[in-house]
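Visitor: I'd like to ask you about the structure that follows.
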Amino acid sequence: MEFDLLVNAIIAGLMLGGFYAAVTAGVSISFGMLDIVNIAHPGFIILGSYIAYIVNTSLGVDPIVISILALPAFYALGSLVYQVYYQSFEKHGQDSLRGLAFFFGLLFVTEVALNLVFGVDYRSVTAPYIGGSLSIGAMEFPLRMLVPCLVALAMFAGLQIYLSRTFIGRAVMAVSQDPQALQLMAVDPIRIKRIAFSISLATASLAGAFLIIIQPVIPSAGRDYIGRVFAICVLGGLGSLPGTLIAALLLGVIESITATFYGPSWAPAVAFGLLLLTLAVRPSGLLGR
Amino acid sequence: MRTPLFILVLSVIAAAIYATFHSVGNDYLFFAGYTVLQYVVLATAWNILGGYCGYVNFGSAGFFAIGVYTTVFLYTLGQSVEDVFPEFLVAPMQLIFPLPLPILVVVGGIVSGLVGLGMGYLTLRLRGVFFAIATLALAVVLETLIVNWDFVGGSRGAYVIPPNEIPIFGPYIDFLFALMLILVVVSLTVARLIERSKLGIGFATIRDDELAAEATGVPTLRLKLIATVLSGALFGMAGAPFPYYIGYVEPGSAFNLSYAVNSIAMPMIGGTTFWAGPMIGALLLSTLQQIVTVTISSAVNLLITGLLLIGFVIIAPRGIVGLWQDWMRKRAERAQGSKTTASAEGSPA
Chain Z
1 MEFDLLVNAI IAGLMLGGFY AAVTAGVSIS FGMLDIVNIA HPGFIILGSY IAYIVNTSLG
61 VDPIVISILA LPAFYALGSL VYQVYYQSFE KHGQDSLRGL AFFFGLLFVT EVALNLVFGV
121 DYRSVTAPYI GGSLSIGAME FPLRMLVPCL VALAMFAGLQ IYLSRTFIGR AVMAVSQDPQ
181 ALQLMAVDPI RIKRIAFSIS LATASLAGAF LIIIQPVIPS AGRDYIGRVF AICVLGGLGS
241 LPGTLIAALL LGVIESITAT FYGPSWAPAV AFGLLLLTLA VRPSGLLGR
Chain D
1 MRTPLFILVL SVIAAAIYAT FHSVGNDYLF FAGYTVLQYV VLATAWNILG GYCGYVNFGS
61 AGFFAIGVYT TVFLYTLGQS VEDVFPEFLV APMQLIFPLP LPILVVVGGI VSGLVGLGMG
121 YLTLRLRGVF FAIATLALAV VLETLIVNWD FVGGSRGAYV IPPNEIPIFG PYIDFLFALM
181 LILVVVSLTV ARLIERSKLG IGFATIRDDE LAAEATGVPT LRLKLIATVL SGALFGMAGA
241 PFPYYIGYVE PGSAFNLSYA VNSIAMPMIG GTTFWAGPMI GALLLSTLQQ IVTVTISSAV
301 NLLITGLLLI GFVIIAPRGI VGLWQDWMRK RAERAQGSKT TASAEGSPA
């Protein structure tokens, strides 16, 4: 039954990859397009998970619905964070060191604050589809994985359409290349960056809900995703959403196969190996310019 | 001040601290003091790469843990000489093991420095951000490796039992404390030497404008590698005595995120461009942490650290040293302004 095992590992990996794509989408925008190294993103994702957890356990609402309702709040949070970042760092030119330390501090504070409020116990949500599973022949599709994956892909498609078809979306793509030219088109690059960063942070709300559907969450869970998120981002090519999706699926499959055949405790090392390999062989990534 | 004199002064201060602590005769003082000194070394080590070159290392915990686990590995090796080595090597190996702690510190430093070299070689040729991200991931991967490595205890952890007493020093913690004091002297001397040498000027050019430095012929990659190796080695050296300090090591404690946060926060709060900055930050912050841990809770102390880091980075980007320099300059300007208004506006850069 080795073959069945492999097929199921690949399927699980693809679904995991869909979820990874949602986790990475925000960083792909902030790091890839805006050049803002938001390493606090996984922290905000965990925040999203806990919001889904609170509302779900007290009111019984579906976690994904909660996360969609929480989008405006995360958008506002994103605007706030960008405003602070812009005022204190970006405006004075390139001081990436302090910017990095700022986001690192944010990541840490989020984690410790969640720790203080909720403790270090694993938290999970309830939804009708958690536990169910769809099987076609020998192939298993646990709904716990399938639902987040499908919603994630829908979100990804929406983002891609928004960025490539609308005026503001195109301006976001342009601001990474030439903010001055953008100013000549009578667009304020700061406003565009703020919008883009807010969108990137809003994706953390959805990704957080996906995460807590897939597995129970503790405050420090965000750290495991930092390596993955940036590995995917770099592997896909900075600033390329399709590249990000391909890289996410690829990492999901490789991790899933590693976990199936060598044991799950080795899975976290895969992302790092992939990251180092990419940096050494092709730093511009799969679909990078 | 010339370097030999500087070392002498530092050593005298270190000896005075040791003598004072010894005369108080409270073991807790040594335990708390050890932690504070350890952070002075970590902060200074971080600053060699972070403050001087402008390359952020988020993997401090990883480098620290390399030192920790080098000791655990060699200790375990010493405990099981008969099982590990072929028969003809058992007798000579029994002579060598157990290795004395100072040698373990040196070995830990070498291993950690080599890992820094490898990491740096792969990632330092790219933009600084990639290096930062790679170091962040490094800690996770090293932890994965250690968790899966049964010889050093895996996820269960490993016991390292220090002797109760040691000649000359008395209780073992006194010896560890003295060792840490020596490491503090070493790391401060290294940092100060770098700052005043050509190497330090080279580092500063990388921090200020790497492209321009490269164009004027500064061997940037080589300098960055030197910085990474030095900084990594100091991290490893600070980590090597840790198993003897704590007695029981598991991956969660060796790779604790608080090492990464503290070794960034302390130089940032103290000031990154002056050798004493990280020390000032480490002394203030870790003393505060010791107090808060005892009086409130350890979770709150981490929260305070994080908030202080964010606050300082936004409000006082040059740290306490920067604040002090600004204040001195303003005072000097005011004094000058009252004497004569004719002098030029040339303020020292």
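So the protein lines, in turn, are chains Z and D.
By the numbering used here, the letter at position 2 of the first sequence is numbered 2, and the numbering carries on one by one without gaps.
By the numbering used here, the letter at position 157 of the second sequence is numbered 157, and the numbering carries on one by one without gaps.
Every residue, glycine too, gets a C-beta built ideally from N, C-alpha and C.
Given the structure is predicted, the values throughout are model-derived calculations rather than measurements.
1. For the stretch 219-236 of chain Z, which residues have a CB atom closer than 8 Å to at least one CB atom of chain D, in sequence order?
2. What does Leu361(Z) touch in chain D if you count any residue whose Cβ is under 8 Å from its own?
3. Tell me, to the nearest whole angstrom, how far the beta carbon of Val160(D) is from that of Val249(D); I am working on the premise that it is less than 8 Å.
4. Which residues bound the alpha helix (DSSP H) around Pro268(Z)?
5. Which ranges would you report for the beta strand (DSSP E) in the stretch 124-202 of chain Z if only whole runs of at least 3 residues count?
6. For a contact meaning CB atoms closer than 8 Å, what does Met268(D) contact in chain Z?
7. Is there at least one Cβ from chain D nearer than 8 Å to Leu276(Z)'s Cβ?
8. Roughly how many whole angstroms lie between the Cα atoms of Thr126(Z) and Ala52(Z)?
9. Where does Tyr50(Z) fall in DSSP's three states?
10. Closest by CA to Leu287(Z), which one among Pro42(Z), Thr244(Z) and Ile46(Z)?
11. Determine which residues share a DSSP beta bridge with Ile226(Z) and list them.
12. Taking C-beta to C-beta, are Tyr270(D) and Gly67(D) nearer than 8 Å?
13. So is Val37(Z) in contact with chain D if we call contact Cβ pairs under 8 Å?
14. In the DSSP output, which residue or residues are listed as bridge partners for Gly170(D)?
15. With DSSP collapsed to three states, give me the class of Ala349(D).
16. Any beta-carbon of chain Z closer than 8 Å to the one on Asn148(D)?
17. Counting only C-beta atoms, is Pro283(Z) closer than 8 Å to chain D at any point?
18. Mind checking which residues open and close the alpha helix (DSSP H) that includes Gly128(D)?
19. Less than 8 Å between the C-beta atoms of Leu181(D) and Phe272(Z), yes or no?
20. Counting only Cβ pairs nearer than 7 Å, list the residues of chain Z close to Pro317(D).
21. May I ask you to list, following chain order, the residues of the stretch 311-335 of chain D that have a beta carbon less than 7 Å from some beta carbon of chain Z?
22. Whose Cβ in chain Z lies nearer than 9 Å to the Cβ of Leu211(D)?
23. Hey, does Ile280(D) have any beta-carbon neighbour from chain Z nearer than 8 Å?
24. Is the Cβ of Ser343(D) closer than 8 Å to any Cβ of chain Z?
25. Could you give the distance in angstroms between the alpha-carbon of Leu95(D) and the alpha-carbon of Arg156(D)?
26. With a threshold of 8 Å between beta-carbons, can Ser347(D) be considered close to chain Z, or not?
Guide: This is what the structure gives:
1. So the list reads Ser220, Arg223, Asp224, Ile226, Gly227, Phe230, Ala231 and Val234, given in the order they occur along the chain.
2. With chain Z covering only 1 through 289, there is no way to say anything about residue 361(Z).
3. Right, the Cβ-Cβ distance comes to about 6 Å (below 8 Å), so this counts as a contact.
4. Its alpha helix (DSSP H) spans residues Ala267 to Val281.
5. Counting whole runs of 3 or more residues, the stretch 124-202 of chain Z contains the beta strand (DSSP E) stretches 133-136 and 139-142.
6. Correct list: Arg98 and Ala101.
7. Chain D contact via Cβ: present.
8. Spanning the two alpha carbons is a distance of roughly 10 Å.
9. Helix at Tyr50(Z).
10. Taking only the C-alpha atoms, the option nearest Leu287(Z) is Thr244(Z).
11. Per DSSP, none; premise fails for Ile226(Z).
12. The residue you asked about is not Tyr; residue 270(D) is Gly in the sequence shown. Against a cut-off of 8 Å, the Cβ pair of Gly67(D) and Gly270(D) comes out as no contact.
13. Val37(Z) counts as touching chain D.
14. BP columns for Gly170(D) point to Ile166(D).
15. Because the pLDDT of Ala349(D) is 43, which lies under 50, any placement of that residue in the model is unreliable, and the number read from its coordinates should be weighed accordingly. The three-state reading of DSSP puts Ala349(D) in coil, since its state is none of H, G, I, E or B.
16. Cβ-Cβ to chain Z under 8 Å: yes for Asn148(D).
17. Residue-level contact check: Pro283(Z) touches chain D, since one or more beta carbons of chain D fall below 8 Å from its beta carbon.
18. First-last of the alpha helix (DSSP H) with Gly128(D): Gly128 to Val147.
19. No, these two residues do not count as a Cβ contact at 8 Å.
20. Taking a Cβ-Cβ threshold of 7 Å, the residues of chain Z close to Pro317(D) are Arg98, in chain order.
21. Across the stretch 311-335 of chain D, CB contacts with chain Z closer than 7 Å involve Val313, Ile314 and Pro317, in sequence order along the chain.
22. Those within 9 Å of Leu211(D) in chain Z number zero; the least Cβ separation is about 11 Å.
23. So no, Ile280(D) is outside the interface.
24. Model confidence at Ser343(D) stands at a pLDDT of 49, short of 50, so the residue's coordinates are unreliable; what they give is reported in the following sentence. So, not an interface residue.
25. C-alpha separation (whole angstroms): 29 Å.
26. Unreliable placement is indicated for Ser347(D), whose pLDDT of 47 sits below 50; no coordinate value is reported for it.
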